[in-house]
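Using the numbering used here, read the sequence shown as starting at 10 and increasing by one per residue. A short write-up of the structure that comes next.
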Amino acid sequence: MRLTFCGVRGSTPAPGAEFTRYGGQTSCVALAHDGQPPTLLLDAGTGMNAVSTLLDDRPFDGSVLLTHLHWDHTHGMPFFAAGGAPGARVQVRLPEQGADAETVLAKCFSPPHFPIFPSQLGPGWTFDGLEEGEHEIEGFTVLALEIPHKGGRTFGYRVSCDSGSLAYLPDHSPTSVGPGPDGLGERHPAALALADGVDVLVADAQHLACQFPALEFLGHATVEYDVALALEAGARSLALFHHAPSRTDDQVDAIAELAADLAGPALMVVAAREGLTLDLPSSTAPRTGGRHGAAVHQL
């Protein structure tokens with residue numbers, strides 16, 4: 010399995026010279042079977058259009074799993090060139106809301122707030138609700154579980170196949186279900202089940218513990234929580250994700266070093282950046298300490 014980070018920011022895009030190394034586009038991760046083009050996208054933020062480059066401008070043929078419907082996870086869809094190409098197939102699946110999926114999604118973009126409705130994205134687009142549980146999607150086994158996050162039903166995903174596994178928790182508010190042992194949030198059953206023994210945990214790293222008293226109300230997690238969750242769940246590596254839009258490249262560097270120090274030799278830590286690919290699993294030694302996990306490349 011090959012994982013490519015196409016957008017790694019949270020909340021809003023972050024343009025400017027101080028954000029070029031990690032990138033400023035919002036959440037989108039592309040998954041591909043070995044040697045194949047990507048067929049499964051996790052979220053549809055503004056990083057989604059980078060998938061068109063991965064496809065060499067061929068039509069996209071696959072599925073998109075939305076964790077939730079906040080703008081930074083949906084606003085790439087109207088600008089996804091490979092999704093609008095002739096012959097494209099784009100099956101969008103979102104957490105079941107008890108109503109028609111396209112109607113729910115239209116609350117994110119439709120007139121007068123946006124020029125078109127989701128149904129106008131192209132003839133190959135379809136929209137469906139997804140229930141919790143295990144699903145077979147595009148040749149991957151996907152476990153969808155509801156996780157706490159403010160402002161609408163939110164899923165975390167565990168995606169696996171014969172060649173690897175990942176957990177994807179990009180927006181996560183663990184303090185919503187309790188303070189946990191350190192005040193940074195409960196290591197609750199859904200998070201532990203999704204991250205149990207995975208090759209890589211992609212986790213919401215929007216805040217630091219020192220910032221949390223003033224920012225907890227926004228509904229995100231801390232870097233320190235991510236490390237604790239990864240260690241408790243036995244994940245082989247941790248990818249810090251959903252970087253705060255104001256966090257510069259140098260600040261992300263410092264946070265990655267902090268996380269690696271907290272993790273010690275038991276866990277590989279990497280800060281996600283646009284164009285970074287992880288091959289799961291690999292016998293290649295990790296770049297930062299710990300057990301062998303994902304082979305890291307930069308496109």
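Using N, Cα and C, we set each Cβ at its ideal position, and we do this for glycine too.
In terms of residue numbering, what span does the alpha helix (DSSP H) encompassing residue i cover?
i      : result
Gly234 : Note that residue 234 corresponds to Tyr in the displayed sequence, not to Gly. 232-242 is the span of the alpha helix (DSSP H), which, as asked, contains Tyr234.
Val34  : It should be pointed out that residue 34 corresponds to Gln in this sequence rather than to Val. No alpha helix (DSSP H) holds Gln34; DSSP gives it neither H nor E.
Glu111 : 110-114
Ala53  : Per DSSP, Ala53 belongs to no alpha helix (DSSP H) and is neither H nor E.
Leu201 : 198-204
From residue i to residue j, what does the alpha carbon distance come to, in whole angstroms?
i      : j      : result
Ala303 : Leu287 : Any reading at Ala303 is ruled out, since the residue's pLDDT is 48, under 50, leaving its predicted position unreliable.
Ser292 : Pro120 : With a pLDDT of 35 at Ser292, under the threshold of 50, the modelled position of that residue is not reliable, and no figure is offered here.
Glu147 : Asp70  : 9 Å
Leu114 : Ala176 : 24 Å
Tyr31  : Glu140 : 33 Å
Pro104 : Thr76  : 7 Å
Gly243 : Ala202 : 11 Å
Gln307 : Val60  : Bear in mind that a pLDDT of 41 at Gln307, under 50, signals an unreliable position, so the number given afterwards is only what the model happens to contain. Cα to Cα, Gln307 sits roughly 15 Å from Val60.
Phe118 : Thr135 : 15 Å
Val73  : Val101 : 5 Å
Arg300 : Gly206 : Per-residue confidence for Arg300 stands at a pLDDT of 33, beneath the threshold of 50, marking its modelled position as unreliable; the derived number appears in the next sentence. Rounded to whole angstroms, Arg300 to Gly206 spans 12 Å at the Cα level.
Glu143 : Gly187 : 26 Å
Ala53  : Gly189 : 31 Å
Leu276 : Glu266 : 13 Å
His82  : Ala218 : 24 Å
Cys15  : Val38  : 6 Å
Ala269 : Gln45  : 32 Å
His122 : Pro274 : 49 Å
Leu78  : Thr112 : 12 Å
Val99  : Pro24  : 28 Å
His84  : Ser20  : 11 Å
Glu233 : Glu155 : 22 Å
Ala272 : Pro124 : 47 Å
Ala214 : Asp191 : 16 Å
Gly138 : Glu145 : 15 Å
Ser255 : Gln220 : 13 Å
Ile264 : Asp65  : 34 Å
Val168 : Glu241 : 19 Å
Is residue j closer than 9 Å to residue i when the C-beta atoms are compared?
i      : j      : result
Leu130 : Pro87  : yes
Ala239 : Ala212 : yes
Phe126 : Leu40  : no
Met10  : Ser172 : yes
Thr13  : Leu285 : yes
Pro157 : Ser185 : yes
Gly33  : Pro22  : yes
Ser174 : Lys159 : no
Output the boundary residues of the beta strand (DSSP E) element that contains residue i.
i      : result
Ser61  : First-last for Ser61: 59-63, but that is the alpha helix (DSSP H), not the beta strand (DSSP E).
Gln100 : 98-104
Leu74  : 70-74
Leu271 : First-last for Leu271: 258-272, but that is the alpha helix (DSSP H), not the beta strand (DSSP E).
Leu178 : 173-178
Leu289 : Per DSSP, Leu289 belongs to no beta strand (DSSP E) and is neither H nor E.
Gly138 : 134-139
Gly93  : Segment 90-93 is the alpha helix (DSSP H) holding Gly93; no beta strand (DSSP E) there.
Ser20  : No beta strand (DSSP E) contains Ser20, which DSSP labels as neither H nor E.
Arg167 : 164-170
Thr83  : Per DSSP, Thr83 belongs to no beta strand (DSSP E) and is neither H nor E.
Can you tell which of the options has its C-alpha closest to the C-alpha of residue i?
i      : options                        : result
Leu51  : Ala268, Ala91, Thr35           : Thr35
Thr29  : Ala39, Val186, Arg18, Asp205   : Arg18
Val209 : Gly138, Asp235, Gly33, Pro190  : Asp235
Arg67  : Leu78, Cys37, Gly92, Ala214    : Gly92
Leu249 : Val207, Asp259, Ala218, Pro179 : Pro179
Glu27  : Ser185, Ala265, Glu145, Gln260 : Gln260
Thr231 : His216, Ser20, Ala237          : His216
Leu63  : His82, Ala268, His84, Phe89    : Phe89
His42  : Asp262, Cys170, Gly273, Ala263 : Cys170
Ala199 : Leu152, Ala237, His79, Ala214  : Leu152
Pro290 : His251, Ser246, Gln220, Asp258 : Ser246
Trp80  : Asp65, Lys116, Asp258          : Lys116
Gly133 : Glu241, Arg167, Glu155, Ala97  : Ala97
Ala237 : Ala204, Ser255, His251, Glu145 : Ala204
Within 8 Å: the Cβ of residue i and any heavy atom of the ligand NAP?
i      : result
Leu175 : Absence of the ligand NAP is noted for the structure shown, with no ligands found whatsoever.
Three CB pairs or more closer than 8 Å across the segment 276-283 and the segment 158-171: no
Contact between the segment 190-205 and the segment 105-114 (3+ Cβ pairs under 8 Å): no
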